[in-house]
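Residue numbers (the numbering used here), protein chains in the order written: chain A, 452 to 622; chain B, 935 to 1268; chain C, 7 to 124.
Taking it in order: structure first as structure tokens, then the write-up.
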Amino acid sequence: MTIMQIIFLITASVTLFAALMVVSTRKMMHAAMWLILVLFGVTITFALLETRFFAIVQLVIYIGAIAILIIFAVMLTRRSMNADVPQVNRNWWLVMVSSLALFVGLVTVMSVWEGFFVTARTAPPGGENLVQLGTALVDPNGFVLPFEVASLVLLAAMVGAIYVAAERKEK
Amino acid sequence: MNATLVIEWVVKSLVIILVLTGGFAYTTLYERKVLARMQVRRGPNRAGPLGILQPVADGIKLIFKEELTPHNADKFIFTVAPVITVVPALVITAVVPWGREISLFGRTFTLYLSNVNVAVLYILSVTSISVYGITLAGWSSNNKYATLGGVRATAQMISYELALGCAYIGPILIVGSMSLVDIVEAQAGVWFIFLQPVAFLVYFLASLAEVNRAPFDMPEAEQELTAGYHTEYSGMKFALFFMAEYIKMIAVAMIGVSLFLGGYLGPGIDRFPILGPVYLFIKVAVWLFVIIWVRATLPRIRYDRLMALGWKVMFPLALLSVMITALVLLFVES
Amino acid sequence: MLNEYYPLVVISMIAIALGFFVVLLGSILGPRRPTQHKGQPYESGMIPYGPGTRRISVRYYLVAVLFILFDIEVVFFLPWAVAFRKLGVSGFILMVIFAVILEIAFVYAWKKGALEWE
Chain A
452 MTIMQIIFLI TASVTLFAAL MVVSTRKMMH AAMWLILVLF GVTITFALLE
502 TRFFAIVQLV IYIGAIAILI IFAVMLTRRS MNADVPQVNR NWWLVMVSSL
552 ALFVGLVTVM SVWEGFFVTA RTAPPGGENL VQLGTALVDP NGFVLPFEVA
602 SLVLLAAMVG AIYVAAERKE K
Chain B
935 MNATLVIEWV VKSLVIILVL TGGFAYTTLY ERKVLARMQV RRGPNRAGPL
985 GILQPVADGI KLIFKEELTP HNADKFIFTV APVITVVPAL VITAVVPWGR
1035 EISLFGRTFT LYLSNVNVAV LYILSVTSIS VYGITLAGWS SNNKYATLGG
1085 VRATAQMISY ELALGCAYIG PILIVGSMSL VDIVEAQAGV WFIFLQPVAF
1135 LVYFLASLAE VNRAPFDMPE AEQELTAGYH TEYSGMKFAL FFMAEYIKMI
1185 AVAMIGVSLF LGGYLGPGID RFPILGPVYL FIKVAVWLFV IIWVRATLPR
1235 IRYDRLMALG WKVMFPLALL SVMITALVLL FVES
Chain C
7 MLNEYYPLVV ISMIAIALGF FVVLLGSILG PRRPTQHKGQ PYESGMIPYG
57 PGTRRISVRY YLVAVLFILF DIEVVFFLPW AVAFRKLGVS GFILMVIFAV
107 ILEIAFVYAW KKGALEWE
């Protein structure tokens, strides 16, 4: 076992443990903190895959922006400090069944996909090339369509968020 | 990876952290002295000659103060929040170069800890993490003022982070690299403050808001929020928030100097590389002086005006600056 | 190898250690004489009433949503800016399209009053 594998195993187990804590802890703010730890674990996993740019983007977007939104959402709730709300509602078994089905489905799909068993190419020594990345973003043969569609998705998200927030304001 | 390399990293990290914490101590004195002079006072002058030992006295006083924790506070988050606030401030300058290579003890050292190719993105990510400590501190105190101060600070910081992010793009467009070493070296001819005046202005104002300095020190507006997010903090936990604020001041000055004012470059740098840190120090001192000067001069602006300025003026302006820079570069290239 | 990233890990670990050391230092050396009144939240000398944390305004939530959108924009800008010299006119135009669509969202938020704080 190399050092990298040991680091990966530690990261993976901490990430999974933190993910369990997110759903099992009673306090919402603590769940948000555990979620940040999960996202950080994913960051380290990206770094272990030698995708430095994506590791740092994971930090900027997920930990820097989305987790802030989640913390604000927790603070929007009425009793963010207390833990006296029930942890599960009547539909808990439905959620359990569907998440199990999702997990089994994903594993099945992965195991029949041949790309799953191909050993990845080693990353170039200097890390991924930022110039290539920037070029691919606006290259017609690259990712220009997903890139432009991403802006439309963000536009839709914006409109939705304003609609939801504006409705609450009227009450 | 060998042992000497690891020792080099540890030594460099310790030097950075020591310089920043020492810089924090003396920035407080610097600020009090400058403010005093601007208000025709003398400032602290009892502890040691010219008050030079004042920061030490302040530190010793804070260590022996009682630490209070409110009854209903979330104890865990309340204790961790100051640490979360101070760590980003300490690590953000790890990618800022202090100079070129120097030879010492028969070895060649580079005067930077790390030259990552995504340095600017690293700065952006550490900035966004530094927001957490403040929100969590405010929330976990279970105090109305602290919660409000924390949320206000977060909203302000994330709003100005956008303008800050756009201000970084101008220099990157010109240089074609995100590494701060490349960006500083590209300024050997002309500093980017002359090529990117709008981006510089946006960076300066947004960085003031980012570190919660006057006139954007809304989160700790003492008249209406007592002390904002650190209302309930005392002793060394308070000292950590205080430290984070001043180290962030030094950090934004170092980053700003590297992006727009030629970083460690100056006359004679080619012959005497050891002058690099000296030039950096002088430029940072001037930058800090301007920050303090702004505090002495301008009144605090109202919160709604602050958010309007961030979203309706600074962000569009920064975006426009990026687009114009790109357009001009297109014409120059072709 | 992630060679230039190890130093960043080293300095982060030292900084975290320093942070906890300072907290520990204060809790060891500082006196500890809690009383009922010291533990109350500070409300400028008034007797505290009600819960300490209340629901925050939904405006902060909106600011956070707006921030996510434009943070993603800035992150997309960065590799584009690095590669800009090689992209030429088409790269510029494609980025302008991307930015304009996002600016429509910005103008929409502005017109809907999401940026107003009364």
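For each residue, glycine too, the CB sits at the ideal point set by N, CA and C.
So that I know if they touch, is there some Cβ in chain B lying closer than 9 angstroms to that of residue i?
i        : result
C:Ala111 : no
A:Gly515 : yes
C:Gly45  : yes
C:Ile22  : yes
C:Leu100 : no
A:Ala518 : yes
A:Arg503 : yes
A:Phe523 : yes
Examine chain A for any beta-carbon lying closer than 9 angstroms to the beta-carbon of residue i, and answer yes or no.
i         : result
B:Thr1088 : yes
B:Phe1012 : no
B:Trp1073 : yes
C:Arg38   : no
C:Glu79   : yes
C:Gly25   : no
C:Ser96   : yes
B:Met1188 : no
C:Ile93   : Looking at the sequence itself, residue 93 of chain C is Leu, so the reference to Ile does not match. Cβ-Cβ to chain A under 9 angstroms: yes for C:Leu93.
Is there a Cβ from chain C that is less than 9 angstroms from the Cβ of residue i?
i         : result
B:Tyr1237 : yes
A:Leu488  : no
A:Ala483  : no
B:Phe1206 : no
B:Ile1057 : no
A:Met479  : no
For residue i, report the span of its beta strand (DSSP E) as first-last.
i         : result
B:Arg1041 : 1041–1044
B:Ser1037 : 1035–1038
On the three-state DSSP scale, how would you describe residue i?
i         : result
B:Ile951  : helix
B:Arg1229 : helix
A:Phe491  : helix
B:Tyr1272 : What the structure shows of chain B is the stretch from 935 to 1268, and residue 1272 of chain B is not part of that stretch, so it cannot be assessed.
A:Gln456  : helix
B:Thr962  : helix
B:His1005 : coil
B:Trp1125 : coil
B:Leu1195 : coil
B:Glu942  : helix
C:Met7    : Caution is warranted here: a pLDDT of 45 is assigned to C:Met7, below 50, making its placement in the model unreliable, and the coordinate value is therefore given only provisionally. Note: C:Met7 maps to coil in three-state DSSP.
B:Pro983  : helix
B:Thr1081 : helix
B:Ser1255 : helix
B:Trp1221 : helix
A:Lys622  : Any reading at A:Lys622 must be qualified, since the residue scores a pLDDT of 45, below 50, and its modelled position is unreliable; no value is offered.
C:His43   : coil
Which same chain residues end up closer than 7 angstroms to residue i when comparing Cβ atoms and leaving out the 5 residues on each side of it in sequence?
i         : result
B:Lys946  : Leu1047
C:Val123  : Residue identity check: residue 123 of chain C is Trp in the sequence provided, not Val. So the qualifying residues of the chain are Arg65.
B:Tyr960  : Pro989
A:Asn542  : none
B:Ala1148 : Val1228, Arg1229, Leu1232, Arg1234
B:Ala1122 : Leu1199
B:Val1060 : Pro1022, Val1025, Ile1026
Run through chain F and tell me which residues come within less than 8 angstroms of residue i, C-beta to C-beta.
i       : result
C:Trp86 : In the structure shown, chain F does not exist; the protein chains are A, B and C.
Residue range of the alpha helix (DSSP H) that residue i falls in?
i         : result
B:Met1112 : It is not in any alpha helix (DSSP H) - B:Met1112 carries neither H nor E in the DSSP assignment.
A:Thr528  : It is not in any alpha helix (DSSP H) - A:Thr528 carries neither H nor E in the DSSP assignment.
B:Pro1149 : Premise fails: B:Pro1149 is in no alpha helix (DSSP H) and is neither H nor E.
A:Met547  : 543–563
C:Val15   : 12–35
B:Gly993  : 988–997
C:Tyr66   : 64–117
B:Thr1069 : 1053–1074
A:Arg503  : 503–508
A:Gly585  : 581–588
B:Phe1134 : 1131–1144
B:Tyr1237 : 1237–1242
Quick one: what's got a C-beta closer than 6 angstroms to residue i's C-beta in the same chain, skipping five residues either side?
i         : result
B:Val1109 : Asp1116, Ile1117, Ala1120
B:Ser1113 : Asn1049, Asn1051, Ala1053
B:Gly977  : Arg966, Lys967, Ala970
Check: Between the segment 1130–1141 of chain B and the segment 1242–1252 of chain B, do at least 3 Cβ pairs fall closer than 8 angstroms?
Finding: As far as the Cβ criterion goes, the segment 1130–1141 of chain B touches the segment 1242–1252 of chain B, which means the pair count is three or higher.
Item checked: Given 8 angstroms, three or more beta-carbon pairs between the segment 1160–1170 of chain B and the segment 942–956 of chain B -> With the cut-off at 8 angstroms, the segment 1160–1170 of chain B and the segment 942–956 of chain B do not touch.
Next item on the list: Determine, using beta-carbon pairs with one atom in the segment 492–508 of chain A and one in the segment 454–465 of chain A, whether at least three such pairs fall under 8 angstroms.
Entry: Verdict: yes, contact present.
Check: Counting Cβ pairs, one atom from each stretch, are 3 or more of them under 8 angstroms apart for the segment 510–521 of chain A and the segment 1062–1074 of chain B?
Finding: Of all C-beta pairs linking the segment 510–521 of chain A to the segment 1062–1074 of chain B, three or more are shorter than 8 angstroms, placing the two stretches in contact.
Notebook entry, point to check: How about the segment 597–608 of chain A and the segment 103–110 of chain C: do they share at least three Cβ pairs that are nearer than 8 angstroms?
Noted result: Touching, per the Cβ criterion.
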